[in-house]
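Undergrad: Take this structure, written in structure tokens, and hold onto it; I'll ask about it next.
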Amino acid sequence: MKNIIYLSLFVLSCAFQSIAQTPMLSNQGALISVKGNAFVAVHGDVQNDKDGTFHNSNALHLWGDWENNANNEAFTSIGEGVVHLRGSNQTITGTSITRFYDLRLENLGIKHATIDVYVDGFLRLNDREFDVDSNVVHVFNTNLTAVEHLQVANNWGFVSSLKDGGLLRHTNTTAAYFYPVGSTQGTARFRPVNIHPTSTAPAAFKVRMANVDASLEGWDRNLRAYRICELNPNFYHRISRTMGTEEANVELFFDAAQDGNFADIGQWTTANIWDVAASGVLGTNTTYNLDTRTSQQAISSFTPNPFILTRLSPTVNLTVDPSSICSTDTTLLTASSSGAAFSNYDFYVDTFLVQSGSLDYYNLASPRLGEVPIWVVGSFPDCGDVSDTTLLTVYQGVTATAYSDTIIIAGTSASLTATGGDFYNWLPDTALSCNMCATTIASPLQTTTYWVEVENIDGCKDTASVLVDVREDINQVVFIPNVLTPNNDGFNDTWRIKNIQLFPKNAVRIVNRWGDIVFRTDNYQNDWEGTYSGGQLPAGTYYYVLDIGGQWGVLKGDVTIIRE
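Letter by letter, the sequence shown follows residues -20 to -1, 1 to 544 in mature numbering (1 follows the signal peptide of the UniProt record, and there is no 0).
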């Protein structure tokens, strides 16, 4: 049979108020021991004063408030004893902190605390709100299940707090420690947090869900880094590391439909602005039917301790392809967004704005030599600008020139020359005296177009071409007219020998029918107008002797001067 201890049996260690007042168990310096299968049920308040203590090996059921003013932690029992708060709107109060082992919130109403609360074993919230105001409930047990709650009629148990209050848990594993935090002030919200320490070293983290605009508590949401578009206006969290130096990943729970769709986690900084604490990993929790954002990077600093759901501007990435060019080349600048496309892109080259608008690319031509800074600025209407920058290396370009197109007779050669660079490569490389020289001798057997690649010391290249037209004999090259009509009508006014410029060592003699020389010159320039000693020769037939020069031989024929 259970030993049931009624309040009326306590005489030596307890004092009672009158029947007209609220029933009370008042410990005025005694030791109250609950052992074996015994339990104590108090349908009223418990007040512990004057160094009074409790040794609780079983259970204490309380329907009223708990008040400890005994200058001690009330319970001397270690690792055992359950305290059931079974009333409505109960309060843990007093001037001395009470250290519970197993504290259970039950029945109805809100449970309050006007002083810090220590829990060595288990905090079982069930479906109740534990309002600790600006105080802290400390859970020293590092077991992941040391804080428990459940759902009844769509209500989850949680800890609510103000200012620097909150739920503090000690940790020693890398698994997730759950913090059921929320608030019924204003719009009721249950917005828990998971803390994932990155090592098993002893640590402690405290969490408060602040169910207000962060600006109202001194963390102005208008003071934010440019890359932040929006901060959650409805609530934020205070997350502190009160012991240890361990990094931790933070998982925030929220309702995207009610709170807004946020992707990342922000933190108030020592620069007194909001900035990014970590990019968020998107997820959902089916147990609570809530969205989650988990820090992709472990958070190393929890000072300052305000954290908030954040929507960031996408990052902009600038690529330059190719990233090093010659001054005669072009390169493509391309901006890309990590999210939605920006509404505007500003491209800057060497500090000068070269393009602004919705186009996310720009073709850059003729930049200056050297290291040229290039950057792009992406803009959204509701976000700050974000930018990316890079350096473009520009080398001196080359312009290849090859000369000259020429006509040769089969079996002969032509001199080809290229300019513009430091290195040369002629193609095709057959029938050439030197395919890597600026000047080479070409002796093709058939008409050939030679291409030359010109390169400078920086690796800049250009190409040019020259045509070597191969003919079978001289008559396929040199064409000599047999009529001259010097009447200034623009036709046949001079004796023009086609391709004579290809044979600069030529010599020309023209004689009349009696053999008198009427014209003689070397390196003929197609400029004879049918004159002799400055006067016009009479119409008639004359005879030429054209010495082509070298191995080409001599061509003879007649030319008739016609005058009207």
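Glycine is no exception: its CB is placed at the ideal position from the N, C-alpha and C atoms. Note that this is a predicted model, so its numbers are computed, not measured.
Suppose contacts are defined by Cβ-Cβ distances below 8 Å. Is ASP453 in contact with ILE528 by that definition?
TA: For the purposes of this step, residue 453 is taken as the residue at position 473 of the sequence shown. For the purposes of this step, residue 528 is taken as the residue at position 548 of the sequence shown. No; because the gap between Cβ atoms is not below 8 Å, this pair is not in contact.
Undergrad: So for GLN481, helix, strand or coil by DSSP?
TA: Numbered from 1 along the sequence shown, position 501 holds the residue referred to as residue 481. The answer is helix: DSSP assigns GLN481 an H, G or I state.
Undergrad: Give a yes or no on whether the C-beta atoms belonging to GLY510 and ILE541 are separated by under 8 Å.
TA: Here residue 510 refers to the residue found at position 530 when the sequence shown is read from its first residue. Here residue 541 refers to the residue found at position 561 when the sequence shown is read from its first residue. Yes.
Undergrad: Could you tell me the boundaries of the beta strand (DSSP E) in which ALA184 lies?
TA: Stepping through the sequence shown from its first residue, residue 184 is reached at position 204. Counting along the chain, the beta strand (DSSP E) containing ALA184 begins and ends at 183 to 190.
Undergrad: Report the option in THR474, VAL296, TYR383, LEU203 whose CA atom is closest to the CA atom of TYR430.
TA: For the purposes of this step, residue 430 is identified with residue 450 of the sequence shown, where counting begins at 1. Measuring from the Cα of TYR430, the nearest candidate turns out to be TYR383.
Undergrad: Does the separation of the CB atoms of LEU298 and TRP355 fall below 8 Å?
TA: Translated into the one-based positions of the sequence shown, residue 298 becomes position 318. Translated into the one-based positions of the sequence shown, residue 355 becomes position 375. Yes, Cβ-Cβ distance for LEU298 and TRP355 is below 8 Å.
Undergrad: Inspect the beta-carbon positions of ARG84 and VAL97 and report whether they are closer than 8 Å.
TA: For the purposes of this step, residue 84 is taken as residue 104 along the sequence shown, with counting starting at 1. For the purposes of this step, residue 97 is taken as residue 117 along the sequence shown, with counting starting at 1. Between ARG84 and VAL97, the C-beta spacing is not below 8 Å.
Undergrad: Which two residues bound the contiguous beta strand (DSSP E) that contains GLN8?
TA: Within the sequence shown, the letter at position 28 stands for residue 8. Note, GLN8: beta strand (DSSP E), 4 to 8.
Undergrad: Evaluate ILE497 with the Cβ neighbour count: other Cβ atoms within 10 Å of its Cβ, from every protein chain shown; 16 or more gives buried, anything less gives exposed.
TA: Position 517 of the sequence shown holds residue 497. By the 10 Å Cβ count, ILE497 comes out exposed.
Undergrad: In angstroms with no decimal places, state the Cα-to-Cα distance between ALA414 and ASP507.
TA: Within the sequence shown, residue 414 is the residue found at index 434, counting from 1. Within the sequence shown, residue 507 is the residue found at index 527, counting from 1. Reading off the sequence shown, one finds Cys at residue 414, where the question assumed Ala. Straight-line Cα distance between these residues: approximately 37 Å.
Undergrad: Taking one C-beta from the region 400 to 409 and one from the region 353 to 368 each time, how about it: are there three or more such pairs within less than 8 Å?
TA: no
Undergrad: Can you give me the C-alpha to C-alpha distance between ALA487 and TYR504, rounded to a whole angstrom?
TA: Your numbering for residue 487 matches position 507 in the sequence shown. Your numbering for residue 504 matches position 524 in the sequence shown. Cα-Cα distance, rounded: 7 Å.
Undergrad: Ordered along the chain, which non-local residues of its own chain (more than five positions away) have a Cβ less than 8 Å from that of GLU86?
TA: Here residue 86 corresponds to residue number 106 of the sequence shown, with the count starting at 1. So the qualifying residues of the chain are HIS64, LEU65, ARG66, ASN106, ARG108.
Undergrad: Classify TYR81 as buried or exposed, calling it buried when 16 or more other Cβ atoms lie within 10 Å of its own Cβ.
TA: On the sequence shown, residue 81 is found 101 positions in, with the first residue counted as 1. The residue is buried, with at least 16 neighbouring Cβ atoms inside 10 Å.
Undergrad: Given this structure, state the Cα-to-Cα distance separating GLN1 from GLN27, to the nearest angstrom.
TA: Taking the first residue of the sequence shown as 1, we reach residue 1 at position 21. Taking the first residue of the sequence shown as 1, we reach residue 27 at position 47. Residue confidence is low: GLN1 scores 46 on pLDDT, short of 50, so the model does not pin down where it sits. Its coordinate-derived value is still stated next. In a straight line, the C-alpha of GLN1 is about 14 Å away from that of GLN27.
Undergrad: With three or more C-beta pairs closer than 8 Å as the rule, is the region 268 to 287 touching the region 218 to 230?
TA: yes
Undergrad: Just to confirm my understanding: we take GLY224, look at its own chain, exclude 5 residues before and 5 after, and list those with CB closer than 7 Å. What are they?
TA: Taking the sequence shown and counting its residues from 1, the one referred to as residue 224 is at position 244. Counting only Cβ-Cβ distances below 7 Å, and skipping sequence neighbours, we find ALA181, PRO182, ALA183, ALA184.
Undergrad: Would you report the Cα separation of ASN152 and VAL119, rounded to the nearest angstrom?
TA: Here residue 152 corresponds to residue number 172 of the sequence shown, with the count starting at 1. Here residue 119 corresponds to residue number 139 of the sequence shown, with the count starting at 1. Roughly 13 Å separates the two Cα atoms.
Undergrad: CA-CA distance, TYR159 and THR73?
TA: Taking the sequence shown and counting its residues from 1, the one referred to as residue 159 is at position 179. Taking the sequence shown and counting its residues from 1, the one referred to as residue 73 is at position 93. Approximately 23 Å between the Cα atoms of the pair.
Undergrad: With DSSP as the reference, label ASN69 as helix, strand or coil.
TA: Taking the first residue of the sequence shown as position 1, residue 69 is located at position 89. Note: ASN69 maps to coil in three-state DSSP.
Undergrad: Helix, strand or coil: which one does DSSP assign to TYR156?
TA: The sequence position of residue 156 within the sequence shown is 176, counting from 1. The identity of residue 156 in the sequence shown is Ala, whereas the question assumes Tyr. Here ALA156 carries a coil assignment [DSSP, helix/strand/coil].
Undergrad: Can you check which of these residues, GLY162, GLU435, THR167, is closest to VAL173 by C-alpha distance?
TA: For this step, residue 173 is matched to residue 193 along the sequence shown. The candidate whose alpha carbon is nearest that of VAL173 is GLY162.
Undergrad: Assuming ALA444 is part of the beta strand (DSSP E), what are its boundary residues?
TA: In the sequence shown, residue 444 corresponds to position 464, counting from 1. Counting along the chain, the beta strand (DSSP E) containing ALA444 begins and ends at 441 to 451.
Undergrad: Within the same chain, show all residues whose beta-carbon is closer than 7 Å to that of THR164, passing over the 5 residues directly before and after it, in chain order.
TA: One-based indexing of the sequence shown puts residue 164 at position 184. GLU109, SER140.
Undergrad: Is the region 301 to 320 close to the region 359 to 373, with three or more CB pairs under 8 Å?
TA: yes
Undergrad: Please identify the residue among ALA278, LEU333, LEU270 whose C-alpha is closest to the C-alpha of PHE170.
TA: As a working note, residue 170 is residue 190 in the sequence shown. Of ALA278, LEU333, LEU270, the residue nearest in Cα terms is LEU270.
Undergrad: Below 8 Å on the Cβ atoms is my guess for GLN376 versus ASP438; work out the distance and round it to an integer in Å.
TA: To locate residue 376, count along the sequence shown from 1; it is residue 396. To locate residue 438, count along the sequence shown from 1; it is residue 458. Their Cβ separation, rounded to whole angstroms, is 6 Å, which keeps GLN376 and ASP438 in contact under 8 Å.
Undergrad: Do ARG188 and GLY146 come within 8 Å of each other at the CB atom, strictly closer than that value?
TA: Here residue 146 corresponds to residue number 166 of the sequence shown, with the count starting at 1. Here residue 188 corresponds to residue number 208 of the sequence shown, with the count starting at 1. Taking 8 Å as the Cβ cut-off, GLY146 and ARG188 qualify as a contacting pair.
Undergrad: Please tell me whether THR178 and THR154 are closer than 8 Å, where the distance is taken between their beta carbons.
TA: The residue you call residue 178 lines up with position 198 of the sequence shown. The residue you call residue 154 lines up with position 174 of the sequence shown. Contact flag set, yes.
Undergrad: Checking the sheet assignment: what are the DSSP bridge partners for TYR522?
TA: By 1-based counting over the sequence shown, the position of residue 522 is 542. For TYR522, which the question treats as bridged, DSSP gives the partners VAL539.
Undergrad: With H, G and I counted as helix, E and B as strand and the rest as coil, what does DSSP make of ASN229?
TA: Taking the sequence shown and counting its residues from 1, one reaches residue 229 at position 249. Strand at ASN229.
Undergrad: Which two residues bound the contiguous alpha helix (DSSP H) that contains ASP239?
TA: For the purposes of this step, residue 239 is taken as the residue at position 259 of the sequence shown. Segment 236 to 239, the alpha helix (DSSP H) holding ASP239.
Undergrad: Go ahead and pull the three-state DSSP assignment for GLN276.
TA: For the purposes of this step, residue 276 is taken as residue 296 along the sequence shown, with counting starting at 1. In this structure, GLN276 counts as coil in the three-state DSSP scheme.
Undergrad: Hey, which unbroken runs of the beta strand (DSSP E) at 3 residues or more fall wholly within the region 261 to 321?
TA: Fully enclosed beta strand (DSSP E) runs of no fewer than 3 residues occupy 270 to 275, 286 to 292, 296 to 301, 304 to 306, 310 to 317 of the region 261 to 321, in order along the chain.
Undergrad: Should PRO424 go down as buried or exposed, given a rule of 16 or more other Cβ atoms within 10 Å for buried?
TA: Locating residue 424 in the sequence shown gives position 444, counting from the first residue. Label assigned to PRO424: buried.
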